[in-house]
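In this text, residue positions in the sequence shown follow our numbering: the first is 16, and each later residue adds one. Each residue gets a CB set at the ideal place from its N, CA and C atoms; glycine is no exception. Reading through the structure tokens given below for one structure.
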Amino acid sequence: MKYVLDALRDIYRKVGFNLIGVASAEEYDAKAPPGAPRLREVLPEASTVFLVGNGGSAFWSHYKAFLRENPEFERGRADPFDDYTALVLSEGEKLLRGAGFNTRSIYPFVREKVWFSFQHMAVLAGLGQIGKHGVLIHPEYGPWISFRGALLTDIPFSLLTGSGAPFGPSNRDFDPCTGCPAPCMTACPGSAVTTTGFHLSRCVETKLVHAACRWTCLARFHCVYGVQHRFHEAELKLHARFTPEHAREVSSHLSKSKPD
């Protein structure tokens, strides 16, 4: 098992995925927010979910280097960044399947049409806590993290708990917002960030009318954590882009969830 986990870590770290966490599929399904699908609807025998992402611009740098070496990759693709992500994630899926484990990849892309809560997965995996601004905050990278996909597998989660988190320390006790002056609250032009939490519907409404919010999140930008790891401008625009298609998808998601 250790060999497989080490190989999985090496595959992803080589391309800039410096955040990998492990969570229980059963715990996620029990705690997933209203309207979110359950992991075992995708893979009934799932026991473990490996969450894969990056802090800072590590993965972005590898992606840009890949494009310089393979300029034809972007041609004719609507979302080359997502396609590259899927290409890289598939290597881990092949590894686990080759080791005899049932495995299925899932992604947070809009085109997937099925929205799992990757932020809640990350909390369960000990990779941070959701801040007042609605974005996951990592102790080192702050809100400048992106979870690009996850691997569902039938590897028994109980086999991974004895040695702690195989891919790094757990941050399930991390409390980023208590005592913080919360500049994120005053930075948000839509008052989506409040003392009681984050209001997604207000955020969506603001993005539709406030031009700056379509390409960034001002509340995220003013978070006091991980300032030195802020995404590059081009990367930020790609992650934070908000189109009418996004609005329709979010509105559909909201209609299935409890009002905020």
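Asked	Found
Endpoints, beta strand (DSSP E) assigned at Ser185	Taken as a continuous stretch (DSSP letters only), Ser185 belongs to no beta strand (DSSP E), as it is neither H nor E.
Residues near Val150 in its chain [Cβ-Cβ closer than 6 Å; skip 5 each side]	Pro158 and Arg235
Where Gly91 falls, given that 16 or more other Cβ within 10 Å makes a residue buried	exposed
Contact the region 66–73 vs the region 160–179: 3+ CB pairs below 8 Å	yes
Exposure label - Gln243; buried when at least 16 CB within 10 Å	exposed
Status (buried if at least 16 other CB within 10 Å, exposed otherwise) for Lys222	buried
Span of the beta strand (DSSP E) around Ala165	Ile160 to Thr168
N- and C-terminal bounds of the beta strand (DSSP E) containing Arg28	Not the beta strand (DSSP E): Arg28 falls in the alpha helix (DSSP H), residues Lys17 to Arg28.
Through-space distance from Phe131 to Gly107, alpha-carbon basis	20 Å
Counterpart residues of Leu66 in DSSP-defined beta bridges	Gly36 and Ala165
Alpha-carbon to alpha-carbon, Ala40 and Ala140	10 Å
Nearest-angstrom Cα separation, counted from Val224 out to Asp25	43 Å
Rounded straight-line distance, which links the Cα of Cys195 to that of Thr209	13 Å
C-beta atoms of Pro191 and Gly146 nearer than 7 Å	yes
Spatially closest choice to Met136 from Ala38, Tyr27 and Asn33, by CA coordinates	Ala38
Cβ neighbours of Glu89 in the same chain (closer than 8 Å, five flanking residues each side left out)	Leu82 and Pro95
Beta-carbon gap between Val19 and Ala114 smaller than 7 Å	yes
Proximal residues to Pro228 (C-beta, below 6 Å), its chain only, five neighbours per side dropped	Sequence inspection shows Cys at residue 228; the Pro mentioned does not correspond to that position. Excluding positions up to five away in sequence, the list reads Thr221 and Lys222.
Close-in-space but distant-in-sequence residues of the same chain around Cys238 (CB under 6 Å, 5 per side omitted)	Gly157, Pro158 and Cys199
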